[in-house]
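Chemist: At position 168 of the sequence shown the residue is numbered 168 (our numbering), and the sequence of numbers has no breaks. For each residue, glycine too, the CB sits at the ideal point set by N, CA and C. My questions all concern the structure below.
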Amino acid sequence: MRHLLEMDDLRPEELARVLDLAGIASPERVLAGSGVALVFEKPSARTRHSLEMAVVQLGGHPSYITGAEVGMDQRESVEDVTRTLSCYYAMIGARVFDHQTVQRMAAVGAAPVLNLLSNRSHPMQALADLLTLKQEWGHLGGQTLAYVGDGNNVCRSLALGAAMCGIEMRVASPAGYGLGDEDAARVAALGGKLVRTEDPDEAVAGADAVYTDVWVSMGEEQVAEQKRAALIPFGVTSALMKRAATHSVFLHCLPAHRGEEVAAEVIDGTHSRVWRQAENRMHAARGLLCWLWTEAKQS
Ligand code: CP
Ligand code: NVA
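What follows is the structure in structure tokens.
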């Protein structure tokens, strides 16, 4: 049984196929008569609603379930919640605090599990990011993507996805907040090129795209002050964007904090593609669900 807990759960050719399927606006209703359980331990605007609509477009029924309602490891174990939901639903998506929770759900082996964001990864976001870049560039491979800011879940999944598509990724973060050696090894295992630096100018120089995310992720409230202080020099400003290629685009997974990780004139300016990126969450989710429920079952 296949799951999507992180980007490299897909082979590069499968990722390419998912992106192709994402481009089919009126797909076969492969989920007719089936449902997808969507469990959220944290808030969401894009992930919840893009997944709900993707399931509807495939003819299925999405069910939004709060973490508090099913009480994973409180009312009953993560494993028993998973077994229960798999009695009714074809697939289970979960947004969790601890990445081990989605690993435990997948280990049950009762239904395909999608990671809808954990502290470690956000593969559904990376799929939409790559779809956006593919639309922008016409093809993926040979470009340079600069990520400036916190080396977090979004950054990690994007780095793996970029490696799988032949895109060089440069990550600029303050000391202690960058991607780790383990991440670099995982990118290298995919044949990717990852540059890690503490200098935003170095990362952005000539880049085809510039990406950032919030400085304080959900669940990190207790370290918010120290992270904000460390990340102040890593805001994406107009001056920084001028160092990128003239045709460069700006991406952000959202929600954004204007005046913190990105200046308003950048995210609301002509280089920004953040709303196409947000829309692409739905198309990418539809492609992934379609692949997981049809082709992945046969492979
Ligand atoms: N980008 C993203 O995952 O947004 P939400 O937290 O609103 O789902
Ligand atoms: N890194 C952010 C992404 C939100 C979509 C978080 O985990 O809160």
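Residue range of the alpha helix (DSSP H) that GLU260 falls in?
Modeler: As a working note, residue 260 is residue 260 in the sequence shown. That residue, GLU260, is in no alpha helix (DSSP H); it is neither H nor E in DSSP.
Chemist: Can you tell me which of the three DSSP states PHE234 falls into?
Modeler: Reading the sequence shown from its first residue, position 234 is the one you call residue 234. Secondary structure of PHE234 (DSSP, three-state): helix.
Chemist: Thinking LEU51 and LEU38 are a contact (beta carbons under 8 Å), I'd like their distance in whole angstroms, please.
Modeler: The residue labelled residue 51 in the question sits at position 51 within the sequence shown. The residue labelled residue 38 in the question sits at position 38 within the sequence shown. Sure, about 6 Å apart at Cβ, within 8 Å.
Chemist: Whether or not the region 16-33 and the region 174-190 are in contact is what I'm after, with contact meaning three or more pairs of Cβ atoms, one per stretch, closer than 8 Å; do they touch?
Modeler: The region 174-190 makes no contact with the region 16-33, as fewer than three CB pairs between them are under 8 Å.
Chemist: Since I believe HIS257 is in contact with VAL214 (beta carbons under 8 Å), could you give me their beta-carbon distance rounded to a whole number of angstroms?
Modeler: Counting from one through the sequence shown, the residue named residue 214 turns up at place 214. Counting from one through the sequence shown, the residue named residue 257 turns up at place 257. So it is a contact: roughly 6 Å between Cβ atoms.
Chemist: Excluding the 5 residues flanking VAL216 on each side, which residues of the same chain have their C-beta closer than 7 Å to its C-beta?
Modeler: By one-based count along the sequence shown, residue 216 stands at place 216. So the list reads ALA224, LYS227, ARG228, once near-sequence residues are dropped.
Chemist: Starting from the C-beta of LYS193, find all residues in its chain whose C-beta is less than 6 Å away, skip the five residues before and the five after it, and write them out in chain order.
Modeler: Your numbering for residue 193 matches position 193 in the sequence shown. Only GLU168 meet the Cβ criterion.
Chemist: I want to know whether the region 190-208 touches the region 134-153 - three or more CB-CB distances under 8 Å.
Modeler: yes
Chemist: Taking the alpha-carbon positions, what's the ASP181 to HIS283 distance?
Modeler: Counting from one through the sequence shown, the residue named residue 181 turns up at place 181. Counting from one through the sequence shown, the residue named residue 283 turns up at place 283. Going from the Cα of ASP181 to the Cα of HIS283 covers about 33 Å.
Chemist: Starting from GLY35 and walking both ways along the beta strand (DSSP E), at which residues does that stretch end?
Modeler: As a position in the sequence shown, residue 35 is number 35, starting the count at 1. Run containing GLY35: 35-40, per the beta strand (DSSP E) assignment.
Chemist: Which runs of the beta strand (DSSP E) fall wholly inside the region 116-192 and span at least 3 residues, in chain order?
Modeler: 144-148, 168-172
Chemist: Is any heavy atom in ligand 2 found nearer than 8 Å to the beta carbon of GLN125?
Modeler: The sequence position of residue 125 within the sequence shown is 125, counting from 1. Result yes, Cβ under 8 Å from ligand 2.
Chemist: Considering only their Cβ atoms, is the gap separating GLY219 from PHE40 smaller than 9 Å?
Modeler: Locating residue 40 in the sequence shown gives position 40, where the first residue counts as 1. Locating residue 219 in the sequence shown gives position 219, where the first residue counts as 1. No; because the gap between Cβ atoms is not below 9 Å, this pair is not in contact.
Chemist: Between the region 237-250 and the region 259-276, do at least 3 Cβ pairs fall closer than 8 Å?
Modeler: yes
Chemist: Using a threshold of 8 Å, is the CB atom of PRO112 nearer than that to any non-hydrogen atom of ligand 2?
Modeler: By 1-based counting over the sequence shown, the position of residue 112 is 112. No - ligand 2 has no heavy atom lying nearer than 8 Å to the Cβ of PRO112.
Chemist: On the criterion of 16 or more Cβ atoms from any shown chain inside 10 Å, does CYS165 qualify as buried, or is it exposed?
Modeler: Counted from its first residue, the sequence shown places residue 165 at position 165. Taking every protein chain shown into account, the CB of CYS165 has 16 or more other CB atoms within 10 angstroms, so this residue is buried.
Chemist: Please report how far the alpha carbon of LEU254 lies from the alpha carbon of VAL274, in whole angstroms.
Modeler: What you label residue 254 is simply residue 254 of the sequence shown in a count that begins at 1. What you label residue 274 is simply residue 274 of the sequence shown in a count that begins at 1. When rounded, the distance between both Cα atoms is 8 Å.
Chemist: From this set, VAL187, HIS3, GLU261, THR270, which residue's C-alpha is nearest ALA90's C-alpha?
Modeler: As a first step, residue 90 must be located in the sequence shown, where it is residue number 90. When only C-alpha atoms are compared, the closest one is HIS3.
Chemist: Please confirm whether any heavy atom of ligand 2 lies closer than 8 Å to the CB of LYS42.
Modeler: Your numbering for residue 42 matches position 42 in the sequence shown. For ligand 2, at least one heavy atom lies less than 8 Å from the Cβ of LYS42.
Chemist: Where THR101 and VAL81 are concerned, what is the direct C-alpha to C-alpha distance, given to the nearest angstrom?
Modeler: Start at 1 with the first residue of the sequence shown, and residue 101 comes out as number 101. Start at 1 with the first residue of the sequence shown, and residue 81 comes out as number 81. Put simply, the backbone Cα of THR101 is about 11 Å away from that of VAL81.
Chemist: Give a yes or no on whether the C-beta atoms belonging to SER44 and LEU130 are separated by under 9 Å.
Modeler: Residue mapping note: residue 44 aligns to position 44 of the sequence shown, counting from 1. Residue mapping note: residue 130 aligns to position 130 of the sequence shown, counting from 1. No, these two residues do not count as a Cβ contact at 9 Å.
Chemist: Are the CB atoms of GLY178 and GLY161 within a distance shorter than 9 Å?
Modeler: Within the sequence shown, residue 161 is the residue found at index 161, counting from 1. Within the sequence shown, residue 178 is the residue found at index 178, counting from 1. Not closer than 9 Å, so no.
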